Amino acid sequence: MTFVSNDPALWPTIDGERVMSYFMVASSTAVVYDLALTFAQEFELVWRQRSSLMNVLYISVRYGGIPLYVGIVLSNIAPGSVTDVGCAALHSAQSWIPVIINAMLGVIMMTRIYAMYRRSKKMLIILVILLLAATLATAVMTAIVNIDVSWEELILSGISRCFDYTNPAAVRLPHETLIPTLVWQMLALCLALWIVIKHFCEVRQMPTAGGSFMVLIKGHVVDFVGFAAVSCFSIGSLSPTLMDASSPASNVYFGILQIIQPIQMFVLGPRLILDIREYHAKLVASSDEGTGMSTIAFQERGQVSTGDGV
């Protein structure tokens, strides 16, 4: 069903949608720019390597959101093409792609921590349980959100937009779905920090190993900061001032959220693999024989290669 209205009272809503579309285009541009900037490095460290689980995860995370953002940009450029079915499909993609991408990033992070703990089976079991619990909780909450939402095409002053009818009891859920993943991120960061501190206390005469651990923990910290920022902005959007107003300030707030979320998933996430592979490649290049190095790096067969000194 299509709802048509020319009520001037809805013009602030149109302006807000227009501002959001600008931020969407900006976030898409940032992701594409990073793709172009790192493609040569990515081609050498990922595409030229043998097929592995880490390669599949990298490519899936790196390029998984492109169809979504192409659809969003096209819907803003050609709003007349939006239909009820298109609105529902776009909403489902926006809901589920972050869940899937963050689950894959969780697997990457779990593999890194598993390597840092010297492939401890006990630690692997703990990590699998934590990640599964967080992912399942997020998936259940996302499913509830999609069940309680219906979408219709809304034409305001000749401009076609998607409008959702949400069960009032489920209004908060879309913003709270990030909480289980945030808890996982915090626990993963604590485990990584603990093993790094323990490692430096035990091994003080191995600067190479220390360097690899620093690269790993830097990736964890950067990814956590990015996800924490997305979570804080998402939960902060539950403020009545932001939810009930179409002011420029609220438009900018939601616009910033639209920028940092794709950057966290599609820019910072893939660097969890790319940075450690680059570090390992530099160590190999700077070594005459490529032996005697203590390092942790994502290598073929989807595992993390760990030297004897780690």
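Taken in order, the sequence shown gives residues 1 to 310; the numbers are from the UniProt record's numbering. Beta carbons: idealized from backbone N, C-alpha and C, even for Gly. For clarity, every value in this text was computed on a predicted model and none was experimentally measured.
A Cβ-Cβ distance of about 17 Å is found for the pair residue 181 and residue 111, leaving them out of contact under the 8 Å criterion. Here residue 105 is actually not in contact with residue 114; their C-beta atoms are around 15 Å apart, not less than 8 Å. The stretch 59–68 makes no contact with the stretch 189–203, as fewer than three CB pairs between them are under 8 Å. The three-state reading of DSSP puts residue 49 in coil, since its state is none of H, G, I, E or B.
Annotation: the continuous alpha helix (DSSP H) that includes residue 250 extends over 248–263.
In this structure, DSSP gives residue 118 a state outside helix and strand, which the three-state scheme calls coil.
With the rule of 3 Cβ pairs closer than 8 Å, the stretch 213–223 counts as touching the stretch 272–280. Distance from the Cα of residue 240 is smallest, within the candidate group 232, 231 and 250, for 250. With respect to the 8 Å criterion, residue 257 and residue 287 are not classified as neighbours on the basis of their beta carbons. In this structure, residue 31 keeps its C-beta atom at 8 Å or more from the C-beta atom of residue 95. By a beta-carbon distance limit of 8 Å, residue 270 does not contact residue 65. Their separation comes to about 11 Å. Linking residue 102 to residue 201 through their CA atoms gives a straight-line distance of about 32 Å. With fewer than 16 other Cβ atoms inside 10 Å of its own Cβ, residue 248 counts as exposed. DSSP places residue 16 within a helical segment (H, G or I) once states are collapsed to three.
Shown here, residue 231 sits in a helix according to DSSP, grouped into three states. The shortest CA-to-CA distance from residue 90 to any of 100, 67, 108 and 109 is the one to 67. Cβ contact annotation for residue 273 (same chain, cutoff 7 Å, sequence separation greater than five): 54, 58, 108 and 298, in chain order.
Listed in chain order, the non-local C-beta contacts of residue 175 below 8 Å within the same chain comprise 234, 235, 237 and 238, local neighbours out to five positions each way being set aside. In the DSSP annotation of this structure, the continuous segment of the alpha helix (DSSP H) that includes residue 181 starts and ends at 178–202. Comparing C-alpha distances from residue 23 to each of 284, 69, 44 and 185 shows the shortest one belongs to 69. At a Cβ-Cβ threshold of 8 Å, residue 223 and residue 283 do not count as neighbours. Shown here, residue 238 sits in coil according to DSSP, grouped into three states, outside any helix or strand. Between residue 27 and residue 259, the gap from beta carbon to beta carbon is short of 8 Å.
Residue 187 sits away from residue 231, with the two beta carbons spaced by 8 Å or more. With a threshold of 16 other beta carbon atoms within 10 Å, residue 227 meets it and is buried. Linking residue 88 to residue 97 through their CA atoms gives a straight-line distance of about 14 Å.
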